[in-house]
Amino acid sequence: MRNAVKIKSFPNGIALYLNAELPFDKLLEEIGYKFSDARNFFGSATMALSIEGRPLTDMEELQILDSIRENSDLNIICIVGRDETVNKNYLRALAQTEEVKPPDEGEGQFFKGDLKNRETLETKNSIVILGDIYPGSTVISEKNIIILGALRGKAYAGGNGRDGAFVAAFEMEPERIKIGDFKYKSDTRQSKWGIRPKVRPKIAYVKNDRIIFETLTKDLLNTF
């Protein structure tokens, strides 16, 4: 069991290397033990998670996340894979938004993947999305939305009229944003092939009865 689960660090994240032969329930026990034993070492850092060594179902990934959350104080904001180009972008965003996390501890959730072909994702919780929101697709949350990717579709936050909700994205090019009772609609035509300015994570929130966009910084996030 000693080598069933290995934990290694990488910039802004940790990697789990899992034994390919051991039954999954035994691995889950060992993951819980490892993170409980290292609880003080990791502290309450915000990190990405990479899982290597064996294929996993979405349910097994969620069980691993639950085990880490139950046995440590880490905030795992997303799961990253082997696509190094994509990972560099997401991890760069994570480094600049490491203080971003759902405000209601234990009630946030994550979604790994893109929304395209007019798909809609709706939740009552704050949500972190590892992926892109394509034009025509929509993400809806009664609380906050954090996108470690591009927002080129629609995002509706604060759907229950909640004050102080926000939408944050690594690339902020929305068709529409609605926060509480306030709306924003882009008046420019998006070009898939156009030259883009330097990407900077941005946050959209309500100020003086209108939605404004600002570069995402830790100091700004501390005001929420």
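By the working numbering, the letter at position 82 of the sequence shown is numbered 241, and the numbering carries on one by one without gaps.
Beta carbons: idealized from backbone N, C-alpha and C, even for Gly.
For residue 181, no alpha helix (DSSP H) encloses it, and the DSSP letter there is neither H nor E.
For residue 192, the closest of 216, 230, 219 by C-alpha to C-alpha distance is 230. In this structure, 291 is the residue among 364, 167, 291 with its C-alpha nearest to the C-alpha of residue 273. A residue is called buried when at least 16 other Cβ atoms come within 10 angstroms of its Cβ; residue 328 meets this threshold and is buried.
A direct Cα-to-Cα measurement between residue 286 and residue 162 gives close to 34 angstroms. Non-local C-beta neighbours of residue 311 in its own chain, meaning closer than 8 angstroms and more than five positions away in sequence, comprise 291, 292, 293, 294, 330, 332, 333, 334, 349, ordered along the chain.
Counting along the chain, residue 219 sits inside the alpha helix (DSSP H) bounded by residues 217-230. The beta carbon of residue 309 lies closer than 6 angstroms to those of 291, 330 in the same chain, with the five residues before and after it left out. Sequence-distant partners of residue 275 (beyond 5 residues in either direction) whose C-beta falls short of 7 angstroms from its own C-beta, in its chain, are 293, 296.
Between the beta-carbon of residue 313 and that of residue 284 there is about 18 angstroms, and that puts the pair past the 8 angstroms contact cut.
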